[in-house]
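Down below is the structure, laid out as structure tokens.
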Amino acid sequence: TVPAHARARGKRKPIDASLPRVRVEHDIPDEEKTCACGCQLTRIGEITSEQFDLVPARAQVLQHVRFKYACRSCEGTSHEGPAIVTAVMPAQPIPKSNASPGLLAHVSTAKFVDGLPLYRQEGILARYKIALSRTTMANWMIKLGDLVVPLINLMHETQLSYDVLQMDETSVQVLKEDGRSATAKSFMWVRRGGPPGQRIILFDYAPSRAGAIPMRLLDEYRGYLQSDAYGGYNAAARRDGIVHVGCLDHARRRFVEAVKAQHKLAGSERGLAPEALLIIRQLYRIEKLARDAGMTAEQRHRLRNEKARPIWDDLRTWLDKNRNATPPLSLTGKAISYLADEWPKLIRYLEDGRLEISNVLCENAIRPFVVGRKAWLFSDTPKGATASARLYGLVETAKANGSGALRLPPPGLHAAAAGEHPRRHRGPAPLEHRATGDAKRRRLSPSPSSENNAAKPRSFVGRLLL
């Protein structure tokens, strides 16, 4: 029995000190400020308590007023310029649009961060007397996707500068693809990488799941590639300079599925899946130990070789003992076959402390897209799917670097990314103009337990993402 005791009360988390404070003062009535002795009471202190408050959104209209000037004396005949001089309209993210940068950022964040479909945003904005159709907002998102192309190119360059990369993919439905039915499956491919402290997450829309897609996306990449066991990655992974790393989570899940089904079974097989999970659990405990201790890649590399490698040896002994004794078509048999087939890739994370034991971080990066997909269901056109890929990559990269909202890139982004002065451009730069210049991509060979061999990220990318 548990002895009687008072339950400890939970403590509230402190309110973020960066939030602005509004002081609301509460005083006693004037008639209570006089003591019974006839003297005035003196204030000797105060007690402060804090509450969260939220200021409701307020719609407004920005009126851009451009002043016009002319010379009443000579009426402009004294110079070769125009007789009337008008102030220049500041560059806008979408020229001639009635959407301010703030509204564009709001709609983008609501859809790509909060998973709010445009048809629901249409109704929400209508309550603020902002009459906008979902079609208009969809066109805005496509144009924003075009606007951020130079930034996406710079993110791609930064990602290629480091030799550790994770990949995953998930399905998406695109209604109006040429030559395909509206119910055909398309895919979003996700790459997670970049130097330490500069995580880059990129989404790419493609109409298929064929191996040609990762071949194209990884055309200039050299280094470690971590993925699940989907065969579409194998062709790219066989290239010179690419080392394929597996995902232990996928092996573990197969044993978990076997355990869930085995309560109906009898015999020796019933205990095999739990045995495997007990061994695998020890490997994850070592990863948690390294994570909680804030270990460097070098320290994690040493810890794994000291603690994890013997556990892998035990798992190999268990695998060899039970592989031929287990029905291959049973759930446990399939889990054992997966573990055996993927073994070289699964243990490869022991080579380098920068590598992860599983691909779960990339899966986590793709999860917001999956959650959003449940709400908006599909993309109407390939252009919309491409824009979604670019903007999801932008917001997930921002989140990975400590920001939870989409900060709209400045209107001069195209010119700035190209190394030119934004004021020289009166309109958007052509989309085929890549922001890479003549920079050569570094091709890094994997080096064990090294965390400082990456090229320093471009400062322009760093300023926009951090």
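Position 268 of the sequence shown, counting from 1, maps to 268 under this note's numbering, and the rest follow consecutively. Every residue gets a Cβ at the ideal spot worked out from N, C-alpha and C, and that includes glycine.
Checklist entry - To which residues does DSSP link threonine 86 through a beta bridge? => result Lys68
Checklist entry - What are the partner residues of aspartate 168, as DSSP defines its beta bridges? => result Val190
Item to check | Where the beta strand (DSSP E) through histidine 244 begins and ends | outcome: 242-245
Checklist entry - Rounded to a whole number of angstroms, what is the C-alpha to C-alpha distance between lysine 68 and leucine 62? => result 19 Å
Checklist entry - Near glutamate 342, what residues of its chain come up, given a Cβ to Cβ distance below 6 Å and the 5 sequence neighbours on each side ignored? => result Ala229, Gly246
Checklist entry - Grouping DSSP H, G and I as helix and E and B as strand, with all else coil, what is valine 22? => result coil
Next on the checklist: At the level of alpha carbons, what is the spacing between alanine 261 and cysteine 362?
Outcome noted: 28 Å
Checklist entry - Do the stretch 116-129 and the stretch 349-358 meet, that is, are 3 or more Cβ pairs less than 8 Å apart? => result no
Item to check | Proximity below 8 Å, CB of lysine 176 to CB of aspartate 380 | outcome: yes
Checklist entry - By a C-beta neighbour count over all protein chains shown, 10 Å radius and 16 as the cutoff for buried, is lysine 33 buried or exposed? => result exposed
Checklist entry - Counting pairs of beta carbons, one from the stretch 131-140 and one from the stretch 194-203, are three or more of them closer than 8 Å? => result no
Next on the checklist: Restricting to Cα atoms, I'd like to know which of Gln51, Asp27, Gly123 is closest to isoleucine 44.
Outcome noted: Asp27
Next on the checklist: Pop quiz: leucine 144 and leucine 202 are said to be a contact at Cβ under 8 Å. What is the actual Cβ separation, rounded to whole angstroms?
Outcome noted: Not quite, the Cβ-Cβ distance comes to about 16 Å (not below 8 Å), so this is no contact.
Item to check | For alanine 455, three-class secondary structure by DSSP | outcome: Summary for alanine 455: the model assigns pLDDT 37, below 50, so the residue's position carries little reliability; its value from the coordinates is reported in the next sentence. If DSSP states are grouped into helix, strand and coil, alanine 455 belongs with coil.
Next on the checklist: With the cut-off set at 8 Å, would you say alanine 365 and glutamate 396 are in Cβ contact?
Outcome noted: yes
Checklist entry - Which word fits glutamate 50, buried or exposed, when buried means at least 16 other C-beta atoms lie within 10 angstroms of its C-beta? => result exposed
Item to check | Helix, strand or coil at leucine 464 [DSSP, three-state] | outcome: Interpretation of leucine 464 is limited by its pLDDT of 42, a score under 50 that renders its predicted location unreliable; no figure is taken from the coordinates.
Checklist entry - For threonine 499, which residues of its own chain have a beta-carbon under 7 Å away from its beta-carbon, when the five flanking residues on both sides are left out? => result One cannot answer for residue 499 here, as it falls past the ends of the chain, which runs 1 to 466.
Next on the checklist: My assumption, with CB atoms under 8 Å, is that glutamate 257 sits in contact with leucine 331. Please give the rounded CB distance.
Outcome noted: 6 Å
Item to check | Minimum C-alpha distance to arginine 519 - residue among Gly223, Leu319, Lys185 | outcome: The shown model of the chain, from 1 to 466, leaves out residue 519, and the question about it has no answer.
Item to check | Which listed residue (Ala251, Arg291, Leu218) has its alpha carbon closest to that of alanine 273 | outcome: Ala251
Checklist entry - Residue range of the beta strand (DSSP E) that aspartate 204 falls in? => result 200-206
Checklist entry - Do alanine 87 and arginine 58 have their C-beta atoms closer together than 8 Å? => result no
Checklist entry - Is the beta carbon of proline 101 less than 8 Å from the beta carbon of proline 95? => result no
Next on the checklist: Shorter than 7 Å, the distance from the beta carbon of leucine 277 to the closest heavy atom of the ligand MG, or not?
Outcome noted: What this structure holds is no ligand at all, so the ligand MG is not there to describe.
Item to check | As assigned by DSSP and simplified to three states, the class of serine 161 | outcome: coil
Checklist entry - Under 8 Å, do aspartate 249 and serine 358 count as touching if we go by C-beta distance? => result yes
Next on the checklist: Whole angstroms are fine: how far does the CA of leucine 132 sit from the CA of alanine 237?
Outcome noted: 47 Å
Item to check | 8 Å CB neighbourhood of glutamine 159 in its chain, flanking five on each side removed | outcome: Leu165, Arg191, Gly193, Gly194, Ile200, Leu202
Checklist entry - How would you write the range of the alpha helix (DSSP H) that leucine 278 sits in, first residue to last? => result 272-292
Item to check | Residues near proline 14 by beta carbon distance below 8 Å, same chain, minus five either side | outcome: none
Next on the checklist: Within the continuous alpha helix (DSSP H) that includes glutamine 63, where are the two ends?
Outcome noted: No alpha helix (DSSP H) contains glutamine 63, which DSSP labels as neither H nor E.
Item to check | Proximity winner among Pro328, Trp318, Asp30, relative to glutamine 40 (alpha-carbon distances) | outcome: Asp30
Item to check | Cβ contact (3+ pairs, closer than 8 Å) linking the stretch 271-288 and the stretch 312-322 | outcome: yes
Next on the checklist: Spatial neighbours of alanine 290 within its chain, please: C-beta separation below 6 Å, excluding the five flanking residues on both sides.
Outcome noted: Arg300, Leu303
Checklist entry - Among Val371, Ala400, Gly402, which residue has its Cα nearest to the Cα of threonine 467? => result No answer is possible for residue 467: it lies beyond the span of the chain, which begins at 1 and ends at 466.
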